[in-house]
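First the structure, in the form of structure tokens, and then the observations on it.
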Amino acid sequence: MILSFFDQFMSPTWLGVPLIALALTLPWIMYPTPSSRWLNNRLLTLQGWFINRFTQQLLLPLNLPGHKWALIFTSLMIFLITLNLLGLLPYTFTPTTQLSLNMGLALPLWLATVIIGLRNQPTAALGHLLPEGTPTLLIPVLIIIETISLFIRPLALGVRLTANLTAGHLLIQLIATAVFVLLPLMPAVAILTATVLFLLTLLEVAVAMIQAYVFVLLLSLYLQENI
Amino acid sequence: MLSRLVLVSGPAFKSSGSFGACVVQASRSLHSSPQSLAPVPPLPEKGGKVRHGIIPEELFQLLYPKTGVTGPYMLGTGLLLYLLSKEIYVVNHETFAAASIGAVVVYGVKKFGPQVAAFADKLNQDKVSKAQEVKDLAMTSLAQAVEDEKKEQWRAEGRPMLFDAKRNNVAMLLEINHRERLHLVTNEVKKRLDYQIEVQNLHRRMEQEHMVNWVEKNVVSSITPQQASASLPCSSPGFLLSTPVRQMELFPTFRFGDLYLYLLWPPGRGSALVFRAVYIC
Numbered sequence: 005m006i007l008s009f010f011d012q013f014m015s016p017t018w019l020g021v022p023l024i025a026l027a028l029t030l031p032w033i034m035y036p037t038p039s040s041r042w043l044n045n046r047l048l049t050l051q052g053w054f055i056n057r058f059t060q061q062l063l064l065p066l067n068l069p070g071h072k073w074a075l076i077f078t079s080l081m082i083f084l085i086t087l088n089l090l091g092l093l094p095y096t097f098t099p100t101t102q103l104s105l106n107m108g109l110a111l112p113l114w115l116a117t118v119i120i121g122l123r124n125q126p127t128a129a130l131g132h133l134l135p136e137g138t139p140t141l142l143i144p145v146l147i148i149i150e151t152i153s154l155f156i157r158p159l160a161l162g163v164r165l166t167a168n169l170t171a172g173h174l175l176i177q178l179i180a181t182a183v184f185v186l187l188p189l190m191p192a193v194a195i196l197t198a199t200v201l202f203l204l205t206l207l208e209v210a211v212a213m214i215q216a217y218v219f220v221l222l223l224s225l226y227l228q229e230n231i
Numbered sequence: 094m095l096s097r098l099v100l101v102s103g104p105a106f107k108s109s110g111s112f113g114a115c116v117v118q119a120s121r122s123l124h125s126s127p128q129s130l131a132p133v134p135p136l137p138e139k140g141g142k143v144r145h146g147i148i149p150e151e152l153f154q155l156l157y158p159k160t161g162v163t164g165p166y167m168l169g170t171g172l173l174l175y176l177l178s179k180e181i182y183v184v185n186h187e188t189f190a191a192a193s194i195g196a197v198v199v200y201g202v203k204k205f206g207p208q209v210a211a212f213a214d215k216l217n218q219d220k221v222s223k224a225q226e227v228k229d230l231a232m233t234s235l236a237q238a239v240e241d242e243k244k245e246q247w248r249a250e251g252r253p254m255l256f257d258a259k260r261n262n263v264a265m266l267l268e269i270n271h272r273e274r275l276h277l278v279t280n281e282v283k284k285r286l287d288y289q290i291e292v293q294n295l296h297r298r299m300e301q302e303h304m305v306n307w308v309e310k311n312v313v314s315s316i317t318p319q320q321a322s323a324s325l326p327c328s329s330p331g332f333l334l335s336t337p338v339r340q341m342e343l344f345p346t347f348r349f350g351d352l353y354l355y356l357l358w359p360p361g362r363g364s365a366l367v368f369r370a371v372y373i374c
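For the record, the sequence lines run as chains X and D.
Under the numbering used here, read the first sequence as residues 5 to 231, first letter to last.
Under the numbering used here, read the second sequence as residues 94 to 374, first letter to last.
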């Protein structure tokens, strides 16, 4: 069997059994359940602190009805950041490289914000389609453009995450292969390439965290517009 | 609750023929330990000890009696070499990716590990110190309350002394007042009695004077001129010559009980001031 660089993105199966469910749920065991103790160990303290801080920061610009979304936003953030970071380890499968997963997360949530906006404040929701201070002649063109921009949002959300992670993983694989191949031939160049690989890995760690945050932040922005 | 019922009736059923319901619960009578989780044992404060970040210390302790200090390292090296040489683990591009991500992780943990741990400890410590502050404040305020109470009790003890002093003061004032009044009364009474005495004295003196005068007058008038010139010398002091009483000047001067000493100045030129003693009884 010939391995291609895209095999890492194939949904994992073992003896015909799909493991995608495990890949999605096993990261959960890394997070200890909050105990009823007053003082916890370091891991639990840090986890609690992070979740509290993140939720507080994210919900700052949202009004009160938007606070209902706190749970889904924070859990989505934890989910994405864990999947992304775990995917950087070797021989792991990253579920967020699958467009199906990302679209499955982005589209329903985006649609929920739009429907909430149209239900509660339809005038304001439609008013977002026309920015303030546009010249009268441009109004029809601009409405069309804004509608397209509105509908492309879920696509953008999903594809952004997918593309970033897939590209990152691919690059890591490529450069690692380059190092592997160059090592017996030109060790000096291999070492240079290894340095590039190290820097790329640093970048990928940052990208993994930032992309998860951006996903959730944009959803909170869409919610802010509509709630 | 029902289990307790069956437990109680279990032995009773065991002796009887129907084993249906109590067989399941009968095993409860075989339980040896109490089915209680309290008190919950305390959580360990620090995590388990690890060597090189991921290998638990227990492995080293386990192998130490048999293989000494280098045992686990030999095991690790041997295992690794076995996997590599037998190509159970194939070296490919992923190995380098793993190496680079491993380097990032190790660098991150070594550099930021202590800071993160200190931060977590500080979060917990802040919680504890807040509660401790409340407790300390309560304790100091209670201790202060105890001190204040003791002081109040001491003050209360001293109050009878204060009352005694005040009572003494008042008693003294009353006493002073009383004595002043007594003094006043005594003085007034004495004044009146003195007055009476003086009156009596006056009476007595006047009577004596009168009597003396009368006696003298009689004596003098009874002294005939010839008797006087015969028996009495002229220049003897203290004796009056035959001069009429009226020409005498009597100045009663001293009184010693019943003895009267008179100062006389008989008229006439060259007469001297003489004393005359008259004993009046």
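Glycine included, every Cβ here is placed at the ideal spot set by N, Cα and C.
Backbone CA spacing between residue i and residue j [nearest angstrom]
i: G137 (chain X); j: E150 (chain X); result: 14 angstroms
i: S329 (chain D); j: P318 (chain D); result: Caution applies to S329 (chain D), whose pLDDT of 44 falls short of 50 and renders its modelled position unreliable; the model cannot decide the point.
i: A182 (chain X); j: T59 (chain X); result: 42 angstroms
i: E302 (chain D); j: R285 (chain D); result: 25 angstroms
i: G4 (chain X); j: I231 (chain X); result: Lying outside 5 to 231, the shown extent of chain X, residue 4 (chain X) is not represented and no answer is given.
i: L187 (chain X); j: V209 (chain D); result: 37 angstroms
i: T205 (chain X); j: A192 (chain X); result: 20 angstroms
i: L159 (chain X); j: M107 (chain X); result: 7 angstroms
i: Q379 (chain D); j: T279 (chain D); result: This structure gives no information on residue 379 (chain D), because the portion of chain D shown stretches from 94 to 374.
i: L113 (chain X); j: F77 (chain X); result: 10 angstroms
i: V209 (chain X); j: L89 (chain X); result: 7 angstroms
i: A291 (chain D); j: F347 (chain D); result: Checking the sequence shown, residue 291 (chain D) turns out to be Glu, not Ala. Each residue's Cα considered, the two are about 17 angstroms apart.
i: L103 (chain X); j: F13 (chain X); result: 10 angstroms
i: G206 (chain D); j: A216 (chain X); result: 23 angstroms
i: I152 (chain X); j: A167 (chain X); result: 21 angstroms
i: Y157 (chain D); j: G169 (chain D); result: 14 angstroms
i: K215 (chain D); j: G195 (chain D); result: 29 angstroms
i: S222 (chain D); j: R248 (chain D); result: 38 angstroms
i: S109 (chain D); j: S39 (chain X); result: Caution is warranted here: a pLDDT of 49 is assigned to S109 (chain D), below 50, making its placement in the model unreliable, and the coordinate value is therefore given only provisionally. If I take the Cα positions, the gap works out to 48 angstroms.
i: D229 (chain D); j: V199 (chain D); result: 43 angstroms
i: L267 (chain D); j: D241 (chain D); result: 38 angstroms
i: K159 (chain D); j: G171 (chain D); result: 17 angstroms
Any chain D beta carbon closer than 8 angstroms to residue i
i: W18 (chain X); result: no
i: R46 (chain X); result: yes
i: L93 (chain X); result: yes
i: Q61 (chain X); result: no
i: A216 (chain X); result: no
i: V209 (chain X); result: yes
i: I195 (chain X); result: no
i: F83 (chain X); result: no
Inter-residue CB distance, residue i and residue j (contact presumed, cutoff 8 angstroms)
i: H84 (chain X); j: Q228 (chain X); result: Reading the sequence as shown, one finds Leu at residue 84 (chain X) and not His. Rounded, the Cβ-Cβ distance is 20 angstroms, inconsistent with contact.
i: L23 (chain X); j: P16 (chain X); result: 4 angstroms
i: G162 (chain X); j: A212 (chain X); result: G162 (chain X) to A212 (chain X), Cβ: 16 angstroms. No contact.
i: N134 (chain X); j: I120 (chain X); result: Per the sequence shown, the amino acid found at residue 134 (chain X) is Leu instead of Asn. Actually they do not touch by this definition, with Cβ atoms about 20 angstroms apart.
i: T117 (chain X); j: Y226 (chain X); result: 4 angstroms
i: Q125 (chain X); j: A190 (chain D); result: With a Cβ gap of about 49 angstroms, Q125 (chain X) and A190 (chain D) do not count as contacting.
i: F9 (chain X); j: L174 (chain X); result: 6 angstroms
i: M4 (chain X); j: T86 (chain X); result: The requested residue 4 (chain X) does not occur in the structure, where chain X is confined to residues 5 to 231.
i: G140 (chain D); j: N45 (chain X); result: 7 angstroms
Close Cβ partners of residue i (< 6 angstroms) along its chain, the five nearest in sequence each way excluded
i: V338 (chain D); result: Unreliable placement is indicated for V338 (chain D), whose pLDDT of 43 sits below 50; no coordinate value is reported for it.
i: G164 (chain D); result: L156
i: E138 (chain D); result: none
Short CB-CB distance (under 8 angstroms) between residue i and chain X
i: I194 (chain D); result: yes
i: V143 (chain D); result: no
i: E187 (chain D); result: yes
i: V197 (chain D); result: yes
i: K220 (chain D); result: yes
i: A210 (chain D); result: yes
i: G103 (chain D); result: Confidence is the limiting factor: at G103 (chain D) the pLDDT is only 49, short of 50, which leaves the residue's position unreliable, though a coordinate-based value still follows. G103 (chain D) does not count as touching chain X.
Other residues of its chain near residue i: CB distance less than 7 angstroms, five sequence neighbours each side excluded
i: R260 (chain D); result: none
i: A27 (chain X); result: P16, F97, P99
i: R272 (chain D); result: none
Bounding residues of the alpha helix (DSSP H) (the contiguous stretch that carries residue i)
i: P165 (chain D); result: 164-178
i: H303 (chain D); result: 186-315
i: I119 (chain X); result: 103-124
i: Y217 (chain X); result: 191-230
i: M232 (chain X); result: With chain X covering only 5 through 231, there is no way to say anything about residue 232 (chain X).
i: G140 (chain D); result: Counting along the chain, G140 (chain D) falls outside any alpha helix (DSSP H), and DSSP gives it neither H nor E.
i: E379 (chain D); result: Missing from the structure shown is residue 379 (chain D); chain D here goes from 94 to 374 and no further.
i: N56 (chain X); result: 46-63
Cβ shell of residue i (< 8 angstroms), same chain only, five flanking positions each side left out
i: V143 (chain D); result: P149, E150
i: T197 (chain X); result: I179, A182, V183, L186
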